[in-house]
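To keep things clear, I will list the structure first and then write my remarks on it.
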């Protein structure tokens, strides 16, 4: 899978992911949305799982292409994620202070900030998304980075990845049930919602999503010809889990079906990724969505910083018109700001990390040569 053109679909996936995330947060700002509009807006949150699937595919590609070791892998990931996230920690701490907020009813302290800075905030209900709104996904992503070299050393095929994903659903179910049970007894009552949210936004719950992404990578690498031969089977297998879970939750009111949201959508997103890679549609993988994907990490942080800058619930507009206006305005502001920080923050630090690695590896080569001379 050589050539930069071949990887455009990955950036496109990220582009669609950030548009979905902005979609759900926009819908949450608008009063009066009902029915299917509300339900569709609510599921825009699955954009994060699309990010995770794209991330798993990208990491597998990179890891199998490079030969400079695990240490270099971690350093690249750090310089990719840390600079913008650390700036977000500073910004939101200054903006929101240390008082109570939605997912930290008691307010934040030094422990919250330190754990978030170290990307260790995803382990506790009190810290998983308390300093940076939406920061839970960064914690989950970094935890996946931590275990990825171990996973990829054992998982060598799509079948192995699929089996691993199925096995990972067991601890995810146990964690979900345990945290949901704890939520019923936690005091004060203000923590009940925090625990309920944490039950699906922890790493154990999200691990199957990444493993499904790894499954997609191996299918793309090893079984691409079969995908071209059987597009309808791929579509059916990809979409059925989502249809079943959504029907169970929305039509039949089965509350615990929310456990299956993330994994079922991950299967659908894996199918989309495989299809885009095989069929190379310039309609769905175009220069605009690819660019949005390139700046999507900045966009994830920026849209949460800008969400209160857009006028909301304008009295002379209907709820639907308010939603369309708010979504387009927030998306436009986010893309503009993200384009700036992509060039000013992200690219320079990525380049710095790569240059530092090259110098470090060159010094190691010199020492090895001297030792064997």
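Numbering (UniProt numbering), first residue to last: 1 to 373. Positions of the beta carbon are idealized from the N, C-alpha and C atoms, including for glycine. Remember, predicted model here, so these are calculated numbers, not experimental data.
Residue from 50, 309, 329, 325 with nearest C-alpha to residue 9: In the chain shown, residue 9 corresponds to position 9, counting from 1. The option with the nearest alpha carbon to residue 9 is 50.
Validate contact between the stretch 322-342 and the stretch 28-38 using beta carbons, cut 8 Å, 3 pairs: yes
Continuous alpha helix (DSSP H) stretch holding residue 330: start and end: The residue labelled residue 330 in the question sits at position 330 within the chain shown. Residue 330 -> alpha helix (DSSP H) spans 319-341.
Burial state of residue 43 (16 or more Cβ within 10 Å): Taking the first residue of the chain shown as 1, we reach residue 43 at position 43. Buried, by the Cβ-count rule.
Stretch-stretch touch, CB-based, cutoff 8 Å, three pairs: the stretch 58-78 with the stretch 278-298: no
Cα-Cα separation, residue 256 to residue 317: Position 256 of the chain shown, counted from the first residue, corresponds to residue 256. Position 317 of the chain shown, counted from the first residue, corresponds to residue 317. Roughly 36 Å separates the two Cα atoms.
Pick from 92, 300, 157 that is closest to residue 117, judged by C-alpha positions: Sequence index remark: in the chain shown, residue 117 carries index 117 (1-based). Out of 92, 300, 157, 92 has the C-alpha closest to the C-alpha of residue 117.
Reference residue 199, options 133, 100, 250, 178, closest by Cα: Position 199 of the chain shown, counted from the start, is the residue given in the question as residue 199. Selected option, being the one with the closest Cα: 178.
Residue 104 - DSSP class collapsed to helix/strand/coil: Here residue 104 is taken as the residue at index 104 of the chain shown, counted from 1. In the structure shown, residue 104 sits in a strand (DSSP, three-state: E or B).
Proximity to residue 103 [Cα-Cα], best of 305, 136, 164: Taking the first residue of the chain shown as 1, we reach residue 103 at position 103. Nearest option by C-alpha distance: 136.
Straight-line Cα distance separating residue 205 from residue 133: Mapped onto the chain shown, residue 133 falls at position 133. Mapped onto the chain shown, residue 205 falls at position 205. Distance between the alpha carbons of residue 133 and residue 205 is about 19 Å.
Cβ separation of residue 334 and residue 306, assumed to be a contact under 8 Å, to the nearest whole Å: As a first step, residue 334 is located in the chain shown; it is residue number 334 there, counting from the start. As a first step, residue 306 is located in the chain shown; it is residue number 306 there, counting from the start. Right, their Cβ atoms sit about 6 Å apart.
Through-space distance from residue 217 to residue 158, alpha-carbon basis: The count along the chain shown starts at 1 and reaches residue 158 at position 158. The count along the chain shown starts at 1 and reaches residue 217 at position 217. Computed Cα separation, rounded: 8 Å.
Beta carbon of residue 13 nearer than 7 Å to that of residue 270: As a position in the chain shown, residue 13 is number 13, starting the count at 1. As a position in the chain shown, residue 270 is number 270, starting the count at 1. Not a contact, by the Cβ cut-off of 7 Å.
CB-CB length for residue 285 against residue 276, believed under 8 Å: Position 285 of the chain shown, counting from 1, holds the residue named residue 285. Position 276 of the chain shown, counting from 1, holds the residue named residue 276. Correct: roughly 6 Å between the Cβ atoms.
Inter-stretch contact (C-beta, 8 Å, three-pair minimum) for the stretch 339-351 and the stretch 298-313: yes
Simplified DSSP assignment, three categories, for residue 315: The sequence position of residue 315 within the chain shown is 315, counting from 1. Coil at residue 315, not helix or strand.
Where residue 166 falls, given that 16 or more other Cβ within 10 Å makes a residue buried: As a first step, residue 166 must be located in the chain shown, where it is residue number 166. Residue 166 is exposed by the Cβ-count criterion.
Presumed contact (8 Å Cβ cut-off) between residue 152 and residue 63, rounded CB distance: Position 152 of the chain shown, counted from the first residue, corresponds to residue 152. Position 63 of the chain shown, counted from the first residue, corresponds to residue 63. Yes, they are in contact, since the Cβ atoms of residue 152 and residue 63 sit about 5 Å apart, within 8 Å.
Whole-number beta carbon distance between residue 22 and residue 303, since they are thought to touch under 8 Å: Taking the first residue of the chain shown as 1, we reach residue 303 at position 303. Taking the first residue of the chain shown as 1, we reach residue 22 at position 22. Between residue 22 and residue 303 the Cβ distance is about 5 Å, and since that is below 8 Å, they are a contact.
Inter-residue Cα distance where the pair is residue 150 and residue 187: By one-based count along the chain shown, residue 150 stands at place 150. By one-based count along the chain shown, residue 187 stands at place 187. Residue 150 and residue 187: Cα-Cα distance of roughly 38 Å.
Secondary structure of residue 160, DSSP reduced to three states: By one-based count along the chain shown, residue 160 stands at place 160. DSSP, reduced to helix, strand and coil, places residue 160 within a helical segment of the structure shown.
Cβ shell of residue 190 (< 6 Å), same chain only, five flanking positions each side left out: Locating residue 190 in the chain shown gives position 190, where the first residue counts as 1. The residues are 105.
DSSP-derived helix/strand/coil call for residue 215: Sequence index remark: in the chain shown, residue 215 carries index 215 (1-based). DSSP places residue 215 in the helix class (H, G or I) of the three-state scheme.
Test item: CB-CB of residue 208 and residue 169 under 7 Å: For the purposes of this step, residue 208 is identified with residue 208 of the chain shown, where counting begins at 1. For the purposes of this step, residue 169 is identified with residue 169 of the chain shown, where counting begins at 1. Against a cut-off of 7 Å, the Cβ pair of residue 169 and residue 208 comes out as a contact.
Residue 379, DSSP secondary structure in three states: Because the chain is modelled from 1 through 373, residue 379 falls outside the range shown and cannot be assessed.
Inter-residue Cα distance where the pair is residue 163 and residue 310: Along the chain shown, one-based indexing puts residue 163 at 163. Along the chain shown, one-based indexing puts residue 310 at 310. Taking the straight line joining both Cα atoms gives about 45 Å.
Beta-carbon proximity list for residue 414, same chain, < 7 Å, skipping 5 on both sides: In the structure displayed, the chain extends from 1 to 373; residue 414 sits before or after that span and is not available.
Buried or exposed by the 16-neighbour rule on C-beta atoms within 10 Å, applied to residue 203: Residue mapping note: residue 203 aligns to position 203 of the chain shown, counting from 1. Buried, because 16 or more other Cβ atoms sit within 10 Å of the Cβ of residue 203.
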